[in-house]
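Residue numbers (the numbering used here): 18 to 337.
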């Protein structure tokens with residue numbers, strides 16, 4: 018495509034997560050949202066009106082039968098994402114998938130194989146990789162030398178999640194992927210490829226292991242630590258150590274860097290992450306620029322093959 022050409026973008030799914038993306042996509046110069054798809058007429062009408070998208074369809078099959086978009090954002094529920102994304106990937110339409118790209122690792126692996134066979138660009142939305150605080154923290158750690166350890170806490174009170182009727186039992190059983198991927202993916206973002214996982218599982222409330230810990234080793238020599246407790250109020254946190262320096266973030270818009278010979282320094286997020294949901298702007302723009310320019314998917318973006326590695330790691334940590 019020409020350097021100044023805008024992409025015609027279709028967004029499949031018009032719910033909460035889609036609205037966060039639409040806020041970004043309607044401001045990006047790389048493309049224009051021309052079509053919105055959702056099976057719920059009320060949600061489709063309200064979201065379409067809010068973001069000025071007049072072409073509205075009630076099924077993604079209708080989109081495939083009409084004028085093909087230049088790129089599609091698949092932002093449907095976790096139980097639907099693999100099947101819907103497969104139809105677009107099979108058709109050769111560059112596809113962005115919200116995380117997780119399938120509830121099961123086998124689904125993500127099948128999508129990766131399909132994308133590779135057809136040659137369709139596909140990117141997974143792991144937006145914390147694009148948090149300005151985490152990107153700055155990673156850069157500051159690497160200035161001291163290689164990453165030596167990465168610790169990620171992915172604690173949540175699963176009982177509170179069970180009380181939300183929108184999450185079916187199948188999703189709850191795979192919660193380590195359905196939502197834990199937000200935090201656990203950062204083990205690989207900071208540490209690189211995983212060589213080994215030594216897990217330990219315990220059951221507090223049941224019916225499945227709800228206290229999971231693991232030691233990891235990375236190909237670059239760093240050590241990883243993961244912990245997930247699902248039986249009490251929790252929170253997500255990452256701590257990364259290099260040579261004489263520690264970076265800590267609770268995934269807000271700020272983080273902390275501590276050096277041996279100095280006072281703790283705040284690592285602030287940028288203005289873009291304050292205007293939009295953190296990470297969304299740079300993530301979505303990276304996908305559209307990749308579609309326009311071609312070439313290799315740039316770091317820190319997540320390909321389907323990359324997502325398979327993260328999901329395999331999570332399966333090993335959680336024992337599912």
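Backbone N, C-alpha and C fix where the C-beta goes; we use that ideal spot for every residue, glycine too.
Residues 166, 167, 168, 169, 230, 231, 232, 233 of the same chain have their beta carbon placed closer than 8 Å to that of residue 242, with the five preceding and five following residues left out of the count. If you draw a 10 Å sphere on the C-beta of residue 135, you find fewer than 16 other C-beta atoms in it, and that means exposed. Going by C-alpha positions, residue 206 is about 16 Å away from residue 160. Here residue 251 carries a coil assignment [DSSP, helix/strand/coil]. By the C-beta criterion, the stretch 192-204 is judged to be in contact with the stretch 115-126, since at least 3 inter-stretch pairs fall below 8 Å. Residue environment: residue 95 is assigned as buried (16 or more neighbouring CB atoms within 10 Å of its CB, all protein chains considered). Residue pairing from DSSP leaves residue 336 without any beta-bridge partner. Within a 10 Å sphere around the beta-carbon of residue 30 sit 16 or more other beta-carbons, which makes this residue buried. According to the DSSP assignment, residue 176 belongs to the alpha helix (DSSP H) that extends over 175-179. Contact annotation: residue 274 and residue 47 have beta-carbon atoms that are not nearer than 8 Å. Residues 168, 265 of the same chain have their beta carbon placed closer than 6 Å to that of residue 256, with the five preceding and five following residues left out of the count.
Excluding five sequence positions before and after residue 106, the CB atoms of its chain that fall closer than 7 Å to its own CB belong to 112, 128, 131, 132, 135, 137, 139, given in chain order. In the structure shown, residue 115 adopts extended strand secondary structure according to DSSP, grouped into three states. Between residue 271 and residue 283, the beta carbon gap of about 6 Å places them in contact (Cβ cut-off 8 Å).
In the three-state DSSP reduction, residue 80 falls in the helix class (H, G or I). Judged by beta-carbon spacing, residue 125 lies beyond the 8 Å limit of residue 313, meaning their Cβ atoms are not closer than that value.
Around the beta carbon of residue 336, a 10 Å sphere encloses fewer than 16 other beta carbons of the protein chains shown; the residue is thus reported as exposed. Rounded to whole angstroms, the gap between the alpha carbons of residue 75 and residue 227 is 39 Å.
Where residue 37 is concerned, there is no enclosing beta strand (DSSP E), although the alpha helix (DSSP H) around it starts and stops at 33-42. Only residues of its own chain outside the window of five on either side were considered, and among them 95, 96, 120, 195 have a CB closer than 8 Å to the CB of residue 188, listed in chain order. Residue 104 carries a helical assignment under DSSP once its states are collapsed to helix, strand and coil. Per DSSP, residue 279 lies in no alpha helix (DSSP H) and is assigned neither H nor E. Here residue 144 carries a helix assignment [DSSP, helix/strand/coil]. Counting along the chain, residue 158 sits inside the alpha helix (DSSP H) bounded by residues 149-160. Residue 77 is not a Cβ neighbour of residue 98, given a cutoff of 8 Å. DSSP, reduced to helix, strand and coil, places residue 267 outside both helices and strands of the structure shown, so it counts as coil.
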